[in-house]
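Novice:
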Amino acid sequence: MPSFPSTSRRTHWRVVTAIAVAALLTTLLLFLGGTSARAAEAGPGFSPNGQANSFVGAMSFDGSNAYCIELTKDSPIGAPTVPLSAEAPMPTQLAALSANDRARLNWAISTTGASANPVDAAATAIYVWWLADPAGFVLRDRNDEHYLGLIPAADRTAVRDRLAALRSGAAAITAASAPAAVSIELVEDARGLTLRLGEVAAGSHAIVQVRGGTMLGERVADGPVVVSGAAVNGQRLAPVDTVEMLLPAGSAREFAVSRESGLAFDVTVTVQLTDGAWSPDLRVLVTEGRQLLIQSSVPTDAVSQARFAPVVIEDAPPVPSATPDAPASPEPTRTPVPEPTVTPEPTDTPAPTDTAKPTVSPEPSAPAEPVSTPKPEPTTTPEPGATPESAPTTEPEPKVDVESEPEPHAEPKPNAEPPAAEAESPAPTPTSTPASTPPAVTAPKPSTSAPARPTASESPTAAPTVAPELASTGALFDPVTLLVPLGLSVVLLAAGGWAMTRSKRVLRDDIESSW
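In full-length UniProt numbering, the protein residues as written are 1 to 515.
(1) Opposite Gly212 in the DSSP bridges: which residues?
(2) Three or more beta-carbon pairs under 8 Å between the region 272-290 and the region 82-92, yes or no?
(3) Mapping DSSP to helix, strand and coil, what is Phe137?
(4) Please go through the same chain and pick out, in chain order, the residues whose beta-carbon is closer than 7 Å to the beta-carbon of Pro224, but skip the five residues on each side of it.
(5) Would you say Ala122 and Val159 are within 8 Å of each other, going by their C-beta atoms?
(6) Which residues bound the beta strand (DSSP E) around Asp266?
(7) What do you get for Ala125, buried or exposed, if any count of 16 or more other CB atoms within 10 angstroms of its CB means buried?
(8) Measuring CB to CB, does Leu193 end up less than 8 Å from Val208?
(9) How about Ala103 and Ala175: do their beta carbons lie closer than 8 Å?
(10) Please confirm whether Leu292 and Ile69 have their CB atoms less than 8 Å apart.
(11) Per DSSP, Ser204 is paired with what?
(12) Please state the DSSP three-state secondary structure of Ile184.
(13) Can you tell me whether Leu294 is buried or exposed, with buried defined as 16 or more other CB within 10 angstroms of its CB?
(14) What does the Cβ neighbour count give for Phe477, buried or exposed, with the cut at 16 atoms within 10 Å?
(15) Any idea what DSSP makes of Ser251, helix, strand or coil?
(16) Classify Val307 as helix, strand or coil using the three-state DSSP reduction.
(17) Who are Gly57's beta bridge partners in DSSP?
(18) First and last residue of the beta strand (DSSP E) that includes Ile109?
(19) Three-state secondary structure (DSSP) at Gly496?
(20) Do Phe61 and Pro152 have their beta-carbon atoms positioned less than 8 Å apart in this structure?
(21) Taking the DSSP output, what are the residues bridged to Phe258?
(22) Are Ser304 and Val269 close, meaning C-beta to C-beta below 8 Å?
(23) Check whether the Cβ atoms of Pro44 and Ala116 lie closer than 8 Å to each other.
(24) Go to Val119, then tell me how far its alpha helix (DSSP H) extends in each direction, as first and last residue.
(25) Rounding to the nearest angstrom, what Cα-Cα distance links Pro485 and Lys504 in this structure?
(26) Is the beta carbon of Leu273 closer than 8 Å to that of Ser204?
(27) Is there a Cβ from chain D that is less than 8 Å from the Cβ of Ser85?
(28) Can you find the residues in the same chain that come closer than 8 Å, C-beta to C-beta, to Pro83, ignoring five residues on each side of it along the sequence?
(29) According to DSSP, is Ser64 helix, strand or coil?
(30) Would you report the Cα separation of Ile184 and Gly63, rounded to the nearest angstrom?
(31) Looking at Val128: is its Cβ nearer than 8 Å to the Cβ of Leu148?
(32) In the DSSP assignment, the alpha helix (DSSP H) including Thr300 goes from what residue to what residue?
(33) Starting from Arg196, follow the beta strand (DSSP E) in both directions and report where the run begins and ends.
(34) Roughly how many whole angstroms lie between the Cα atoms of Asp144 and Thr242?
(35) So, with DSSP's three-state summary, where would you put Pro83?
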């Protein structure tokens, strides 16, 4: 029996060790990737000596300004900083403030404090310290002048004025909850067509836009209210026209509306915070053992939309609108009265049926009488020869096509008198009547009216309702960080598999060589 080489065992243990190391590294990378943190940096502001402990201004985190609210702790600059999770409780420093004060902080850092101007940032920082940490602000008998003394003399007055504006403007700021979507419903009852809109929370207002109809007014006990914008009772709208109305906060309401026939009825309600109302919710940044940071948190508008399919409305009112034209119609009725009096005279015109006398036009045949010498009378015997009538056979009126050329008819005239009479017969016979047939081509005109009807049939097409859209919040954990460790794990596992396969081949070769 051959002996197995010891190298195969060493190769096997190397593969096992590589797999174990790969698994350990994957676990560590997953853990570190999910808890990665970034550091805040100095943003716009002033520092007389370039040190963090004398800096008056904003920090920069994730590309936005952030402000410290704990003066008794060290600066967070350069230390790992992470956003506070939604499940975590509010820090004590902020929880001790009223909702209105938190709303004022949000207003200050979202307006003046969002600027990259160091004057605006420095004024906002002093205001935030004064409101969020009053005890730390006056520590060691400090006041506005202490912090303003850290500002260069050239900018000090501007910072002082901006700080005063923030304090005076904050008096008009109150806390309000984030905008909430409003329900939309269109119903028809004994009162007519009604648009029902849900409650608008305090501190918010709604902008109502209607397309394909008209807002007639609010249904209330004391009568409809005046509606702003282009909403006028009875106004007719084109598909691109939109009626807009500002709806203040309040409970659910009903509005009388009228629809435009053949148009979809679209309703959009956008709920926004009113002027002076701000959310008390702030974005909090935590740096272990150092000052807390706060950032702006402005809620998005809540938008509700609904679409109601087009309808064809049989509208009688348009008919009475045409009746005003009726008064003018009696006058034309008088004009036809004299016309009938004239018509009896045309009745006399039929008397000139003597036009039959023109039929005596054969009398012009009298000129033929000079030809009718007594001798031609015996020629009357050939009269039975209705053969001249057969001569009409010579009228293979296919030549009538040639009738456009009158000259060929002039040739039969040199013939005997009978053919001349026949020449008269073609005059009545001219099948010009076929020429009259072309007017029948006018029949296609009614066909043009047919396409108009299908257009009406297209109107019943319904459009789907649009579901309300709700704002969504982002997660704090970035799944992209998992890709690197997972990719490394796959590579290490592949290397281990290759090593095991290689060791087996070496072992097999050793066995075969030993034989």
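Backbone N, C-alpha and C define an ideal beta-carbon position, used for all residues, glycine too.
Specialist: The relevant details are as follows:
(1) For Gly212, which the question treats as bridged, DSSP gives no partner whatsoever.
(2) yes
(3) helix
(4) Interpretation of Pro224 is limited by its pLDDT of 48, a score under 50 that renders its predicted location unreliable; no figure is taken from the coordinates.
(5) yes
(6) Phe265 to Leu273
(7) buried
(8) no
(9) yes
(10) yes
(11) Leu273
(12) strand
(13) One point to set straight first is that residue 294 is Ile, not Leu, in the sequence displayed. Flag for Ile294 reads buried.
(14) In this predicted model, Phe477 has a pLDDT of only 47, less than 50, meaning its place in the structure is not dependable; the value taken from the coordinates is given anyway. Classification for Phe477: exposed.
(15) coil
(16) As written in the sequence, residue 307 is Arg, which differs from the Val given in the question. Correct three-state label for Arg307: strand.
(17) Gly45
(18) Run containing Ile109: none in the beta strand (DSSP E); it sits in the alpha helix (DSSP H), Ala99 to Ser110.
(19) helix
(20) no
(21) Per the sequence shown, the amino acid found at residue 258 is Ser instead of Phe. According to DSSP, which records beta bridges pairwise, Ser258 is partnered with Thr214.
(22) yes
(23) yes
(24) Pro118 to Ala132
(25) 29 Å
(26) yes
(27) Annotation note: the requested chain D is absent from the structure, which comprises a single protein chain.
(28) Arg283, Val284, Leu285, Val286 and Leu476
(29) strand
(30) 39 Å
(31) no
(32) Note, Thr300: premise wrong, no alpha helix (DSSP H); not H, not E.
(33) Gly192 to Leu197
(34) 52 Å
(35) strand
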